[in-house]
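Contents: one structure, followed by commentary.
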Amino acid sequence: MRGITCVLVLVAACLTISGCARPFGPTPYTFDQSLLTQKQDTKQSKITVHRSVQVRGNLSGDNCKTLVFINDTKAAALAQNKYVVLYLDVGEYKLRVTGECNPESEWFEMGQILHIVSDGSEQVYETEVDAFSRVRMSRTH
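Quick note, the sequence shown lines up with residues -21 to -1, 1 to 120 if you use mature numbering (1 follows the signal peptide of the UniProt record, and there is no 0).
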């Protein structure tokens, strides 16, 4: 009987954890299709921006998305553990992330801007939202 109880507790725990999981995948929230389409005859960099799972209990709540901008163009909104793939022609760009629920966040140092160079290489950036709703980003590849 004790063995069956342990198995049932384990199954219940696994179901609970899997129900809370945020599956990894592409974001359904995209805005500028020209940034999402690879051109066959143009040298471009493939830029992947991924939002990791955030700290629970942050001030902005779990429902606020991270907005991704290239220069001043809104490209995508990322929920937790979602990503967007952007294709940028060769050149210099501003990659900016900010919180959807606090769009003024860049003025309060809660967003981040990186100056990136599209040189035809693949680049990967990771974003996260900390406990104080600050959006951070770093290049990982």
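Glycine included, every Cβ here is placed at the ideal spot set by N, Cα and C.
- The beta-bridge partner set that DSSP reports for D51 is empty.
- Contact between the region 15 to 25 and the region 43 to 51 is absent: fewer than three C-beta pairs spanning the two stretches fall below 8 Å.
- By a beta-carbon distance limit of 8 Å, E105 contacts H29. Their separation comes to about 6 Å.
- Restricting attention to Q102, I95, C43 and P2, the CA atom closest to the CA of A110 is found in C43.
- Scanning its chain for C-beta atoms nearer than 7 Å, with the 5 sequence neighbours on each side dropped, one finds around Y72 the residues I49, N50, I95 and S97, in chain order.
- According to the DSSP assignment, Q19 belongs to no alpha helix (DSSP H), since it is labelled neither H nor E.
- In this structure, D68 keeps its C-beta atom at 9 Å or more from the C-beta atom of T27.
- In the DSSP assignment, the residues bridged to Y104 are V28 and R118.
- DSSP places Q12 within a helical segment (H, G or I) once states are collapsed to three.
- Under the 10 Å beta carbon count, G4 is surrounded by fewer than 16 other beta carbons and is classified as exposed.
- Residues of the same chain with a CB within less than 6 Å of the CB of T6, apart from the 5 flanking positions on each side, are A55, L57, K61 and V63 in chain order.
- According to the DSSP secondary-structure assignment, V96 is paired through a beta bridge with E71.
- Taking 9 Å as the cut-off, the Cβ atoms of L65 and L93 do not count as close.
- It is roughly 12 Å from the alpha-carbon of H120 to the alpha-carbon of S24.
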